[in-house]
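Trainee: Dumping the structure here so I can ask a few things about it.
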Amino acid sequence: MVKKLPEATKLLIIGNLSNDFEPLLDKNLLHNEMMMQKINEERQLALIALQDYDLKVSELHETNWELKLENQKLKLELRAEKQKRKLDIEEISRESTISFFFSIVTTILIGFGINLITSGIYILVGWIMVFVAILVEIILIFSRLKRKSNNYES
Numbered sequence: 001m002v003k004k005l006p007e008a009t010k011l012l013i014i015g016n017l018s019n020d021f022e023p024l025l026d027k028n029l030l031h032n033e034m035m036m037q038k039i040n041e042e043r044q045l046a047l048i049a050l051q052d053y054d055l056k057v058s059e060l061h062e063t064n065w066e067l068k069l070e071n072q073k074l075k076l077e078l079r080a081e082k083q084k085r086k087l088d089i090e091e092i093s094r095e096s097t098i099s100f101f102f103s104i105v106t107t108i109l110i111g112f113g114i115n116l117i118t119s120g121i122y123i124l125v126g127w128i129m130v131f132v133a134i135l136v137e138i139i140l141i142f143s144r145l146k147r148k149s150n151n152y153e154s
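Okay, so the sequence shown: first residue is 1 according to the working numbering, each after it adds one.
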């Protein structure tokens, strides 16, 4: 596909004929048909080369534009992934805080339960407190395992 050259480019290559041929005003050279044909061929080759360069430049501009769009797309994906990771960290932090709170409560329940069992007065209440604390710890452990397995699947 031949691209039409701008007038400024044509003038740069072809120039003003009177200025280009001033050194050739020698009547012998002007009437030398082979010399004029050679100059015309070289001028045509220069025009073709310029058209090729213009085409390459426009292709490079298009490629540059595509790369800029791809870069912008990747930046948006990276931003979305960072935001997702930030939300994941906040969720894990919240779950960790809740888990830590329940671990402290179960430790206190076990401590009071064992204290009641060893005192001998409220043995049944002590065993119930220990059983509830162990049950809560088991639930916490399984909820952590379930959360980890869900994270590996996604």
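We put the CB at the ideal spot given by N, CA and C, even for glycine.
Rounded to a whole number of angstroms, what is the C-alpha to C-alpha distance between residue 137 and residue 130?
Mentor: When rounded, the distance between both Cα atoms is 11 Å.
Trainee: Quick check on DSSP: helix, strand or coil for residue 168?
Mentor: Past the edges of the chain, shown from 1 to 154, lies residue 168, and the structure says nothing about it.
Trainee: Decide if residue 133 is buried, meaning its Cβ has at least 16 other Cβ atoms within 10 Å, or exposed.
Mentor: Buried is the call here.
Trainee: Any idea what DSSP makes of residue 89, helix, strand or coil?
Mentor: It is helical.
Trainee: Let me know the secondary structure DSSP gives residue 121 once reduced to three states.
Mentor: Residue 121: coil per DSSP, three-state reduction.
Trainee: By the 10 Å Cβ neighbour count, where 16 or more other Cβ atoms means buried, how is residue 109 classified, buried or exposed?
Mentor: With 16 or more other Cβ atoms within 10 Å, it is buried.
Trainee: Is it buried or exposed for residue 106, if we count other Cβ within 10 angstroms and need 16 for buried?
Mentor: Flag for residue 106 reads buried.
Trainee: Given that a residue counts as buried once 16 or more other Cβ atoms are within 10 Å of its Cβ, and exposed if not, what is residue 116?
Mentor: Residue 116 is buried by the Cβ-count criterion.
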